[in-house]
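Just so you know, the protein sequences line up as chains A and B, in that order.
Residues in the first sequence are numbered consecutively from 0, following numbering that gives the first Met the number 0.
Residues in the second sequence are numbered consecutively from 0, following numbering that gives the first Met the number 0.
Virtual Cβ for every residue (Gly too), placed ideally from N, Cα, C.
Model, not experiment: these values are computed from the prediction.
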Amino acid sequence: MTAARPQASGGRRPGFGAVQALLGLVLAALCVAPFAIVLVVSFGQVVEGASWRWALSLENYLRFFVGLEWPASTSFLYLQKLWWTLVYAGLAAVIAVAFAFPFTWLTTRQSRRIQTVWLVFLLSSLSLSEVFVVMGWDVLLSNRSGLPMVFRETGLTDWLQSVGWFDTLRDWGMATPRNVRFKTSVFATVLTMSYLVFPYAVILLYPALSRLDPAMLEAARTMGARPFTVIRTVVLPAARLPLTGAALLLFVYLLGAYVVVSVFADPARQTLTITIYESVRGATLNAPFGAAQAVILLLTAGGFLLASLRLSRLAEAKA
Amino acid sequence: MSRLAGRLYLAWCALFVLAPIVVVCAAALNGGRTMLFPPEDPTLERFVEFFVSDPVWTRALQRSILIAVASAAIATLIAWPTAYGLWRRDTKLSKLLAASMAMPFALPPIVFGVGLGFLWAFSGLIGTIPAGILSHAALHGALPLATISIGLQSIDRAHLDAAATMGATERTAFRTIVLPQTIPYTLSGFFFALVLSFNEFIVMFFVSASAYATVTLQIFNSLRNGFTPTMAVGAIVFILTSVAVFSLVARFGDLPRLMGADPSRR
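Rendered as structure tokens:
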């Protein structure tokens, strides 16, 4: 420190502009360029063998929407993949939020200390790799040990057979002639996906629910409302936007699920992530087509993300 | 009555979250080569394999740690000026920088992974460890960016004005006011990025190009080629790392506040 010059706060320090310029370069190369490259490659053309060249063709997108043989014949194979991507993610997101809402509400009513313990617990399970979660449920749902064994040993299977629900399960592909079977099924996929995002759902709902004005709840209670009525008439309407916002964000997150689908979903009901991998690195090797599928997944996710941003703006404007 | 129902519901949720974790941990004790639950012929042999004797797993663990620590450090380093710029000067450029840093984390990681795969292939770095580190730094930069921003917002601007009136330069104010108050948030961000990198799968799947395996990649390979109980040990390592790290964050930082609780209420 030589001379103590008075300086207005927020005054421009020479050098910070240079830092920001450098930062811009780094971020452009690492964070933005990969997306741009995917977009450019998606217009490329595959060459005999596994290589490809730059081009400006729409054939990859055409193949996605109407199939390779178009216009002689049309195939909606990849639209079907997109459909399953949306179905799994949508179901799992809604289920996770539905279970997380009462959980978060009950947690925020505890003391700060207990809240911290719950948060550590949830964050730990949230950071768990998709690979790990799938491995756990794979053991839990496998036919040799886990839930099917529990069903048989406790007589639940016999009971299901005696009431006739067993046949319904068989129609859904969730039972062998002798016992229930969870792998591979839509049920196992959605269950594991909702498990994956349950902690996220709690974390997303936590700010909104922990900031609810206690005076409002107190007022409802002194007027004689029972706890359930308070939740239904005060908490739920106040949390409507955060709930929808959370479901949307989880939905977008789940659009990218890969390991769950590759292990638990029936091959005919797999998602875009699987076919993207197969095109880019796996068996079918067609990088431009893989990139085109990735762009479509990206646009889908981006669209829903924008919608959720809109929604949170709306929530802020209301608050 | 409703209080009891509430408790039961919380307990049920905890059980749901714990179930697969417990199963995997127990599976690590299996004496045989198959994943069974409950474990048969319990032994600690798999732990020795994972940490000491099986080079496939020890190498994977070393790489995971290297990539997690290095990428978290780089992510925090890039996130600092981005967050600071956003807080100090609310310009279009600062907003653009922050948005581009948040983008990879918000969009499906598989798309980012495919893009990074092309990027590293063009630059000839695909399958190298530095490429893996930079990829994870880019993917997880959003986390320190968020925590550091929360930390900066918690600084009372009156302190800065006071410092400025008393003649402190921005540099001095930064050193004496901003930095000390944001250290817990910086560390939290670093640890969030660390844990997520340690557990990340899909981006690494694309950028490693089978040249090397981290623990998650190795677990996925074992998932496809038949289970081995050794991979369950890897999973236990994840759990313990996560619990330890988040407990540290909770101990030294204000976790409820980081997660968005109202700071005024206790």
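Asked: Can we say the segment 209-221 of chain A touches the segment 275-289 of chain A, given the rule of at least three CB pairs closer than 8 Å?; Found: no
Asked: Following the continuous alpha helix (DSSP H) through aspartate 137 of chain A, name the residue where it begins and the one where it ends.; Found: 129-140
Asked: Got a sec: which bits of the segment 33-47 of chain A sit with their beta carbon under 7 Å from any beta carbon on chain B, in order along the chain?; Found: Pro33, Phe34, Ile36, Val37, Val40
Asked: Any heavy atom of the ligand ATP closer than 7 Å to the Cβ of threonine 240 of chain B?; Found: This structure lacks the ligand ATP, and indeed carries no ligand of any kind.
Asked: Is the beta carbon of phenylalanine 117 of chain B sitting closer than 8 Å to the one on isoleucine 36 of chain A?; Found: yes
Asked: Quick one: is valine 68 of chain B near chain A, going by C-beta distance under 8 Å?; Found: no
Asked: DSSP three-state label for valine 47 of chain B, please.; Found: helix
Asked: So which of A:Leu298, A:Gly289, A:Gln269, A:Gly301 has the shortest CA-CA distance to tryptophan 83 of chain A?; Found: A:Gln269
Asked: DSSP has tryptophan 119 of chain B in a bridge; who is on the other side?; Found: Tryptophan 119 of chain B is not bridged to any residue.
Asked: Using the Cα positions of phenylalanine 273 of chain B and arginine 111 of chain A, report the straight-line distance between them to the nearest angstrom.; Found: The structure shown does not extend to residue 273 of chain B, since chain B is modelled only from 0 through 265, so no value can be given for it.
Asked: May I have the straight-line CA-CA distance separating glutamate 47 of chain A from tryptophan 53 of chain A, to the nearest angstrom?; Found: 14 Å
Asked: Below 8 Å on the Cβ atoms is my contact criterion, and I expect leucine 310 of chain A with threonine 243 of chain A to pass it. Report the Cβ-Cβ distance as a whole number of Å.; Found: 6 Å
Asked: Who does alanine 174 of chain A pair with in a DSSP beta bridge?; Found: A:Val179
Asked: Using a C-beta cutoff of 8 Å, does isoleucine 238 of chain B count as contacting chain A?; Found: yes
Asked: Locate the alpha helix (DSSP H) running through glutamate 217 of chain A, then write down its first and last residues.; Found: 213-221
Asked: Can you tell me whether valine 221 of chain A is buried or exposed, with buried defined as 16 or more other CB within 10 angstroms of its CB?; Found: Note on residue identity: the sequence assigns threonine, not valine, to residue 221 of chain A. The residue is exposed, with fewer than 16 neighbouring Cβ atoms inside 10 Å.
Asked: Go ahead and label proline 54 of chain B buried or exposed: buried means 16 or more other beta carbons lie within 10 angstroms of its beta carbon, across all protein chains shown.; Found: exposed
Asked: Give a yes or no on whether 8 Å exceeds the smallest Cβ distance from isoleucine 94 of chain A to chain B.; Found: no
Asked: As an exercise, report each continuous alpha helix (DSSP H) stretch of at least 4 residues that is fully enclosed by the segment 113-169 of chain B, in chain order.; Found: 128-139, 141-152, 156-164
Asked: Starting from tyrosine 194 of chain A, trace the alpha helix (DSSP H) in both directions and tell me its first and last residue.; Found: 185-209
Asked: With DSSP as the reference, label tyrosine 51 of chain A as helix, strand or coil.; Found: Here residue 51 of chain A is tryptophan; the residue named in the question, tyrosine, does not match the sequence. Here tryptophan 51 of chain A sits in strand by DSSP.
Asked: For the alpha helix (DSSP H) that proline 244 of chain B lies in, which residues bound it at each end?; Found: Position check: residue 244 of chain B holds valine in this sequence, whereas proline was assumed. Segment 229-251, the alpha helix (DSSP H) holding valine 244 of chain B.
Asked: Looking only at DSSP bridge pairs, what is glutamine 44 of chain A linked to?; Found: A:Arg52
Asked: What number of angstroms, rounded off, separates the C-alpha of arginine 45 of chain B from the C-alpha of phenylalanine 181 of chain A?; Found: 28 Å
Asked: Taking the beta carbon of proline 179 of chain B as the centre, do at least 16 other beta carbons fall within 10 Å, making it buried, or is it exposed?; Found: exposed
Asked: What separation, rounded to the nearest whole angstrom, lies between the Cα atoms of leucine 208 of chain A and tryptophan 86 of chain B?; Found: 27 Å
Asked: If you measure from the beta carbon of arginine 265 of chain B to each beta carbon in chain A, is any gap under 8 Å?; Found: Low confidence applies here, because arginine 265 of chain B scores a pLDDT of 45, under 50, leaving its location unreliable and the question unanswered by this model.
Asked: Can you list, in chain order, the residues of its chain with a C-beta nearer than 8 Å to that of valine 189 of chain A? Leave out the 5 residues immediately preceding and following it.; Found: Tyr87, Leu90, Ala91, Ile94
Asked: Specify the secondary structure class of asparagine 224 of chain B as computed by DSSP and reduced to three states.; Found: coil
Asked: So, do the segment 61-80 of chain A and the segment 256-263 of chain A have three or more beta carbon pairs nearer to each other than 8 Å?; Found: no
Asked: Sorted by chain position, which residues of the same chain lie with C-beta nearer than 7 Å to alanine 67 of chain B's C-beta, five sequence neighbours on each side aside?; Found: Leu193, Ser196, Phe197
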